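Residue numbers (the UniProt record's numbering): 1 to 313.
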C-alpha cells in the first residue's frame, strides 16, 4: 500500500494497465445484493483506486462514494469521472445522481459516512490491505439493516492456452520479486481471499450484527482448479460456490509489460536496486524467449475469490 502513497506513483498509468472486471462479476455481486428497484441507495467502494470498479455501479445507485487512502488514486478517479461525464458515458441526471471520490480508509469512516446509510459496500483487489476487525466494526455502523458487503480479489496471472509459460510467472513473482511484496497482503490475494475472515460476533448489544447464515465465498477458477485451503475454518453456515474462470483479457506483450509495471514489488525492487537491470524488461524478455511475439495477443487469466455477507435486519 505504501507504494501507492508515493508522490512518484502514476495512478493514471496504473488505471490503464490493470485488468478491468467483466460485467458478469458485477452481476454476480448484485444477484446477492440487488440494488433497490427505484435506483435509490448508497454504494461505498473501499480502496477504490482510480475507480476501476466504482464506475460500474453509478447507473444502479443514486449515490456512489469511492474511498482510497492514496491522494494520487483519488485525484485520478476524479479526473476519470470528469472525463466520462463530459463524454456522456456517465449520466448524473442533472444532479439527481451523485458520484464522488474522497480520501479515506475503511478502518475509520467517521466524518465521511453516516450511520445506517449504506446499502452495499464493495472492495475490488483491496481487501487484502484491510484490518478486518476494524473494517467490520465500521461496516456494522454504516450499513443499513440488511445491507451487504462484497469483497473480491484475483491471484497470480497465467496463460490459459500456453501452460509451458506458466512456470516462468511464479519464478519471477515469488522468486525474484518475492521479498519485495508487502505481506501479508500479497499472500492473502494469491490465496483468493481465503485467509480473509468473515466477521466475528459483536459484543455490542446496540444495533444489528452480521448474519452468519448469509456468509458466502465464491471462486472463479481455471479448468481443473480447486479453491485454496482455508487457513482458519469459516463459520459453519458459510456457503461456497465454484464457477469457471471469469477474468480474462486478450493482451499483447506490451500490455503484459505495462501490467507488470503496476506491481508494487517491481517498484520497490527498482527503488532498492538503482542502476541495475530493469527487472520488468528482464521478465518480458524471458516471455519473448518462451515464444510470445510482440505483434500477437494471447489470453491472460486470473482466478478470483469473492467474500460476501449481510448485516441482520
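A virtual CB, placed ideally from N, CA and C, is assigned to each residue, including glycine. These numbers come from a predicted model, not from an experiment.
Annotated three-state conformation of residue 123 is strand, per DSSP. At the C-beta level, residue 184 and residue 249 stay beyond 9 Å of one another.
Within its own chain, the residues whose Cβ lies closer than 7 Å to the Cβ of residue 246, once the five positions on either side in sequence are excluded, are 22, 24, 25, 220 and 304, listed in chain order. If you draw a straight line from the Cα of residue 300 to the Cα of residue 208, it comes to about 42 Å.
When Cβ pairs closer than 8 Å are counted between the two stretches, the region 65-77 is seen not to touch the region 31-38, the count staying below three. Contact between residue 157 and residue 302 holds: their C-beta atoms lie close to 5 Å from each other, under 8 Å. For the 9 Å CB-CB criterion, residue 57 and residue 84 do not form a contact. Judged by DSSP in its simplified three-state form, residue 96 adopts coil rather than helix or strand.
In this structure, residue 59 lies away from residue 76, with their beta-carbon atoms at least 9 Å apart.
According to DSSP, residue 239 shares a beta bridge with 216. Residue state for residue 23 is assigned as helix, using DSSP reduced to three classes. Runs of the alpha helix (DSSP H) lying entirely within the region 217-282, each at least 4 residues long, are 253-260 and 264-272 in chain order. Per DSSP, the beta-bridge partners of residue 310 are 148 and 211.
The region 292-299 and the region 230-239 do not touch, with fewer than three beta-carbon pairs separated by less than 8 Å. Nearest in C-alpha terms to residue 13, of all of 29, 27, 80 and 41, is 80.
Using a Cβ distance threshold of 9 Å, residue 115 and residue 74 do not count as a contacting pair.
Classified as exposed, residue 313 has fewer than 16 neighbouring CB atoms from the shown chains inside 10 Å of its CB. The beta carbon of residue 29 is closer than 6 Å to those of 150 in its chain, skipping five residues each way along the sequence.
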